[in-house]
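The structure appears right after this line, and notes come after that.
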Amino acid sequence: MLADYGLLVIRIVLGLSMMAHGAQKLFGMFGGYGLKGTGGWMESLGLKPGVFMALMAGLGEFVGGLLLGMGLFTWAGGILVAGTMVVAILTAHLKNGYWSTQNGYEYNLLIIAVAIGLALTGAGSISIDALIG
8 MLADYGLLVI RIVLGLSMMA HGAQKLFGMF GGYGLKGTGG WMESLGLKPG VFMALMAGLG
68 EFVGGLLLGM GLFTWAGGIL VAGTMVVAIL TAHLKNGYWS TQNGYEYNLL IIAVAIGLAL
128 TGAGSISIDA LIG
């Protein structure tokens, strides 16, 4: 039973954090640049068309985070979040090495591990998945 509370804490913190990152890209909230600004940055990384790529990244983070936080289709939320982070590593962080203090992929890899871990273990009994499953 305590494990279910642990999963709840992990899901809520990761889910809300990813939703906030998605909201930065999609809506310009929390100091973000919105689709146009994020799209320009993505084009500078070679991801074209930039606005579309910003939309995909923002939706992956926002929807994936929402699903994880609610514990609804947790496997899908984990895949969305992890997939978005893989793209972030390959396009923006890998060249900088491991450490996040050097804009490396440390933080993104941690998110991938937690998201895939949740996708594999499930959301626990305190979730919508448990109610409908």
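According to the working numbering, the residues represented by the sequence shown are 8 to 140, in order.
Glycine is no exception: its CB is placed at the ideal position from the N, C-alpha and C atoms.
Being a predicted model, the structure only gives us computed values, none of them experimental.
{"query": "Enclosing alpha helix (DSSP H) for residue 134 [first to last residue]", "result": "Per DSSP, residue 134 belongs to no alpha helix (DSSP H) and is neither H nor E."}
{"query": "Backbone CA spacing between residue 125 and residue 44 [nearest angstrom]", "result": "32 Å"}
{"query": "Same chain, Cβ closer than 6 Å to residue 119, neighbours up to 5 away in sequence not counted", "result": "89 and 92"}
{"query": "Nonlocal neighbours in the same chain, by C-beta distance under 7 Å from residue 141, ignoring five residues either side", "result": "Here the chain has residues from 8 to 140 only, and residue 141 is not among them."}
{"query": "Top-ranked residue by Cα proximity to residue 34, from 75, 15 and 61", "result": "61"}
{"query": "Contact belief for residue 65 with residue 29 at Cβ below 8 Å, rounded distance in angstroms", "result": "5 Å"}
{"query": "Run of the alpha helix (DSSP H) containing residue 37, from where it starts to where it stops", "result": "Per DSSP, residue 37 belongs to no alpha helix (DSSP H) and is neither H nor E."}
{"query": "CB contact flag (residue 70, residue 87, <8 Å)", "result": "yes"}
{"query": "C-alpha distance - residue 102 paired with residue 140, whole-angstrom precision", "result": "42 Å"}
{"query": "Nearest residue (CA-CA) to residue 114, options 128, 95 and 129", "result": "95"}
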